[in-house]
Ligand SMILES: Nc1ncnc2c1ncn2[C@@H]1O[C@H](COP(=O)(O)OP(=O)(O)O)[C@@H](O)[C@H]1O
Ligand SMILES: [Mg+2]
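As structure tokens, this is what we get:
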């Protein structure tokens, strides 16, 4: 199976004033296409930093990151933004939905940003909300939805442009165990449909579902 994501000696140092933090020190990893991978490790050890690098949200201080055949650390911001919107769907712990918009509008806006024509936006957003089990909540705003429902809207939004990779950072970190199990079932379905699913988590329940586990410790891959 080919690797959809690779890193070669990726490192990231943050500098804030006089203080520098070596969040990632030297990370080389491969993520096979179509796999279900969890990145686990203690808080503050570099998991989110790694996710931002492999998703092209940030650039490494040194080393290389590949999405498919593209070495993303050397392409322009415009090309990187295009690659992200075509290939990657992001989901975050606190959902990051726009509070003033309805569920369906939150999904549509991701398509609008990618240049999808308006009539198609609505029909695809309806299908995606149905896929995540929220067809009847299309007109609800985030504040009218439970945490688990909000995260399902966020997953529908992440799927808006039919990415082949889903990157999720602590997607169940703010949910109870029932809602967590529902989100994991949904992610497993998406994996069966061919998506590459990568979840950053410190939850054992989440890691139990993974085919592959990558452990991050102190900015390095731990054995
Ligand atoms: N934008 C940033 N600026 C400065 N330091 C950061 C930034 N993001 C993360 N860090 C630091 O990098 C380290 C790793 O953080 P992070 O990747 O968020 O860890 P995790 O996701 O495993 O909790 C921590 O010491 C954190 O404080
Ligand atoms: Mg984190």
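Residue numbers (my numbering): 860 to 1082.
Even for Gly, the Cβ is constructed at its ideal location relative to N, Cα and C.
None of the values given here were measured: they were computed from a predicted structure.
| Among 1060, 869, 1061 and 1011, which residue has its Cα nearest to the Cα of residue 1049? | As a position in the chain shown, residue 1049 is number 190, starting the count at 1. Restricting attention to 1060, 869, 1061 and 1011, the CA atom closest to the CA of residue 1049 is found in 1011.
| query | If you compare alpha carbons, which of 972, 966, 1066 and 1024 is closest to residue 989? | reply | Stepping through the chain shown from its first residue, residue 989 is reached at position 130. Across the set 972, 966, 1066 and 1024, the C-alpha of 966 shows the shortest separation from the C-alpha of residue 989.
| said: Across the region 1007-1021 and the region 924-939, are there enough close Cβ pairs to call them in contact, namely three or more that are closer than 8 Å? | reply: In short, these stretches do not touch, since the Cβ pair count stays below three.
| query | Taking DSSP as the reference, what is the three-state secondary structure of residue 1063? | reply | Taking the chain shown and counting its residues from 1, one reaches residue 1063 at position 204. DSSP places residue 1063 in helix when its eight states are reduced to three.
| task | Under 8 Å Cβ to Cβ from residue 1002, same chain only, skipping five residues before and after it: list those, please. | result | Counting from one through the chain shown, the residue named residue 1002 turns up at place 143. Only 958 meet the Cβ criterion.
| To which residues does DSSP link residue 862 through a beta bridge? | The sequence position of residue 862 within the chain shown is 3, counting from 1. Answer is 891.
| message | Please state the DSSP three-state secondary structure of residue 991. | response | Counting from 1 along the chain shown, the entry for residue 991 is found at position 132. Look at residue 991 here: in three-state DSSP terms it is coil, with no helix or strand label.
| field | Segments of 3+ residues assigned as beta strand (DSSP E) that fall wholly inside the region 900-987 | value | Within the region 900-987, the complete beta strand (DSSP E) runs of at least 3 residues are 921-926 and 947-950.
| Contact check, residue 1055 vs residue 890, beta carbons under 8 Å | Residue numbering aside, residue 1055 sits at position 196 when the chain shown is read from its first letter. Residue numbering aside, residue 890 sits at position 31 when the chain shown is read from its first letter. Yes, Cβ-Cβ distance for residue 1055 and residue 890 is below 8 Å.
| task | Could you check if residue 980 is buried or exposed, using at least 16 other CB atoms within 10 Å of its CB as the buried criterion? | result | On the chain shown, position 121 is the one that residue 980 refers to. Flag for residue 980 reads buried.
| task | With DSSP as the reference, label residue 1081 as helix, strand or coil. | result | Counting from 1 along the chain shown, the entry for residue 1081 is found at position 222. DSSP places residue 1081 within a strand segment (E or B) once states are collapsed to three.
| query | In angstroms, rounded to a whole number, what distance separates the CA positions of residue 1042 and residue 1066? | reply | Locating residue 1042 in the chain shown gives position 183, counting from the first residue. Locating residue 1066 in the chain shown gives position 207, counting from the first residue. Their backbone Cα atoms lie some 13 Å apart in a straight line.
| message | Check for me: the beta strand (DSSP E) holding residue 1028 runs from which residue to which? | response | One-based indexing of the chain shown puts residue 1028 at position 169. The continuous beta strand (DSSP E) containing residue 1028 extends over residues 1024-1028.
| message | Check whether the region 1057-1065 and the region 1025-1041 are in contact - that is, three or more C-beta pairs closer than 8 Å. | response | Under the Cβ criterion (8 Å, minimum of three pairs), the region 1057-1065 counts as touching the region 1025-1041.
| Is residue 919 buried or exposed, if buried means 16 or more other CB atoms sit within 10 Å of its CB? | Working through the chain shown from its first residue, we reach residue 919 at position 60. Buried is the call here.
| message | What would DSSP say about residue 881, mapped onto helix, strand or coil? | response | The residue you call residue 881 lines up with position 22 of the chain shown. Residue state, collapsed to three classes: strand.
| Between the Cα of residue 945 and the Cα atoms of 932, 962, 927 and 960, which residue gives the shortest distance? | If you number the chain shown from 1, residue 945 lands on position 86. With respect to the C-alpha of residue 945, the residue from 932, 962, 927 and 960 having the closest C-alpha is 927.
| task | Report all residues from its chain with a CB closer than 6 Å to the CB of residue 900; omit the five preceding and five following residues, and keep chain order. | result | The count along the chain shown starts at 1 and reaches residue 900 at position 41. Cβ neighbours of residue 900 beyond the five flanking positions: 906, 1074, 1075 and 1076.
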